[in-house]
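Residue numbers (UniProt numbering): 1 to 187.
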């Protein structure tokens, strides 16, 4: 599914390339498999670049070659998304129906970048084309990304712990209320 969606983006943007990075791409057979998967949708294998295992610093530096991160579905990036954002790379993501598919959406909303959240596949392709065309706006966004992160609360550890404690308290209260109604107390 995601290869088909990314292929639609690449089809509409003939000058664009896609860079994929994962340890799996250390294996040339896997690289060929993924490139062939894109070729099934008419995307030349030369437009699909694959990077394998990298030292962490090199992995971070790789983000300087990326204009926009295309999020995965149905399981969106989490740590990799945070890395990309910290390195100034905005993420184009889809609205999700469950937690694992909403991480990118929540990150972009927390950064007040709702325009980077697509409603459906057609919107995803449209947004990829539109958001990549204004180089000045994209560069400005990239330069402001760390400041956005620091102001957003995403990196606020105290607020995170407070919110987590609040959820634990709500769960505990709900459990106690249910047990008091049923009279059954088991641990």
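Backbone N, C-alpha and C fix where the C-beta goes; we use that ideal spot for every residue, glycine too.
Pick from the options that is closest to residue i, judged by C-alpha positions
i, options, result
"residue 13", "125, 33 and 177", "125"
"residue 71", "37, 96 and 64", "96"
"residue 123", "93, 106 and 140", "93"
"residue 68", "162, 53, 57 and 131", "131"
"residue 62", "156, 36 and 85", "85"
"residue 127", "65, 115 and 136", "115"
"residue 59", "182, 11, 167 and 21", "21"
"residue 37", "8, 138, 4 and 172", "4"
"residue 43", "164, 119, 15 and 106", "15"
"residue 155", "23, 83 and 35", "83"
"residue 23", "51, 35 and 41", "51"
"residue 139", "102, 164, 157 and 65", "65"
"residue 146", "173, 35, 100 and 88", "88"
Beta-carbon spacing of residue i, residue j below 7 Å
i, j, result
"residue 104", "residue 76", "yes"
"residue 148", "residue 111", "yes"
"residue 2", "residue 49", "no"
"residue 108", "residue 117", "yes"
"residue 45", "residue 39", "yes"
"residue 29", "residue 53", "no"
Residue i burial status per 10 Å Cβ neighbour count (16 or more: buried)
i, result
"residue 180", "exposed"
"residue 31", "buried"
"residue 90", "buried"
"residue 161", "exposed"
"residue 144", "exposed"
"residue 81", "buried"
"residue 192", "Outside the modelled stretch of the chain, which goes from 1 to 187, sits residue 192, for which no answer is possible."
"residue 167", "exposed"
"residue 113", "buried"
"residue 141", "buried"
"residue 183", "exposed"
Close-in-space but distant-in-sequence residues of the same chain around residue i (CB under 6 Å, 5 per side omitted)
i, result
"residue 153", "159"
"residue 9", "125 and 128"
Neighbourhood of residue i by C-beta, 7 Å cutoff - its chain only, sequence neighbours within 5 removed
i, result
"residue 6", "18 and 70"
Beta-carbon contacts of residue i that lie in its chain and below 8 Å, excluding the five residues immediately before and after
i, result
"residue 135", "none"
"residue 212", "Outside the shown range of the chain (1 to 187) lies residue 212, about which nothing can therefore be said."
"residue 106", "none"
Please give the ranges of any beta strand (DSSP E) in the region 88 to 130, keeping only runs that are unbroken, at least 3 residues long and fully inside the region. 91 to 94
In chain order, which continuous runs of the beta strand (DSSP E) of length 3 or greater are located wholly inside the region 42 to 71? Correct list: 48 to 51.
Which ranges does the beta strand (DSSP E) cover as unbroken runs of at least 3 residues, wholly within the region 3 to 32, from first to last along the chain? 18 to 21
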